[in-house]
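Worksheet: one structure, shown below.
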Amino acid sequence: MPETANQEPTNKPQAKKKSLWLTVTAIACIVGYVLFQPTLERTLGINLPNIIDRPATTDGKQTAPTAGKVVKNPTPKKVLSQSQRGQPRQPVVVTKPEPAKKSPKNISKQPVQSTPSKPKPGTVASKTKPALGQLKKIARAEWISAAGLKYGPGSKEGHRVTHIMLHEKDQPNRPGSHGVFDGTRDEIFALIDEAYLIAKKRGPPQAKIKKERGRTIYTVHLRRRIGYLGGQTGKQKNHPPLYHLRLVLEGVNVITAFPLKP
295 MPETANQEPT NKPQAKKKSL WLTVTAIACI VGYVLFQPTL ERTLGINLPN
345 IIDRPATTDG KQTAPTAGKV VKNPTPKKVL SQSQRGQPRQ PVVVTKPEPA
395 KKSPKNISKQ PVQSTPSKPK PGTVASKTKP ALGQLKKIAR AEWISAAGLK
445 YGPGSKEGHR VTHIMLHEKD QPNRPGSHGV FDGTRDEIFA LIDEAYLIAK
495 KRGPPQAKIK KERGRTIYTV HLRRRIGYLG GQTGKQKNHP PLYHLRLVLE
545 GVNVITAFPL KP
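Note that my numbering has the sequence shown beginning at 295, numbered continuously upward.
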């Protein structure tokens, strides 16, 4: 009995030393495996199981793992061929698709249609329709206007045109009133044409019409100044403006025309 009691204490220290040696050996094997695993993989060309997670560095190489860390669900590595080992990764180039070229729109140029302006008195508007006031010779001493009025001989001045042109200028010494046209000769005959057309198309109240001894007397309000009152009466009244035109016809033959105040 005394000998058995003395042997038990001596066996316990030996068991502890053996267990410690096994633990140190296992740790050394694990550390050695972890440290030399990349070298073995490159040499053998195979993937060995990972005991711990090896975080990747910025340059793509794995750093040394922390001892004692167990990897859960390791991600299988892609086996590289012998020719692919040691080659740098090719950068991924992202190219933007070129925008589709827009085909030019087939725009047809339409001609610009301009509104014809109102012809000025005494000018030719077109070849088919002469301007108001334009006189065309139809006989030796007879003329016709664009509105169809005829001017011929018959007055004491020798011609109706000459008689009407007496109202182009003032006669300050003439007794009574004397209507004077504003404007030039062409503008005067254009004004007569305009008054005649207003009387034929519109009639009263803008145009008053009176028949007298085979003649037609038109008094047309042009609604704008067409002349002034001259003669001795006009001088006394400081030449007031006139807005009406008196036109006397025999059919379409002009007898006289002048501005007045009715």
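Backbone N, C-alpha and C fix where the C-beta goes; we use that ideal spot for every residue, glycine too.
- If you look at Lys450, you'll find it isn't in any alpha helix (DSSP H); DSSP assigns it neither H nor E.
- Residue state for Thr513 is assigned as strand, using DSSP reduced to three classes.
- Note on geometry: alpha-carbon atoms of Arg518 and Pro553 lie some 12 angstroms from one another.
- For the pair Arg454 and Val548, the CB atoms are nearer than the 8 angstroms cut-off.
- Between the stretch 507–517 and the stretch 455–469 there are fewer than three C-beta pairs closer than 8 angstroms, too few to call the two in contact.
- Around the Cβ of Pro535, a 10 Å sphere holds fewer than 16 other Cβ atoms; the residue is exposed.
- Note on geometry: alpha-carbon atoms of Leu543 and Ile486 lie some 11 angstroms from one another.
- Gly525: member of the alpha helix (DSSP H) spanning Gly525 to Gln530, first to last residue.
- Along the length of the stretch 418–505, whole beta strand (DSSP E) runs at least 3 residues long occupy 471–475, reported in chain order.
- Excluding residues up to 5 positions away in sequence, Ala551 lie with their Cβ nearer than 6 angstroms to the Cβ of Ile458 in the same chain.
- Looking at Pro447, Ala441, Gly427 and Ala440, the one whose alpha-carbon comes closest to that of Ala433 is Pro447.
- Nearest to Leu541 by C-alpha distance, out of Gly524, Arg336 and Lys502, is Lys502.
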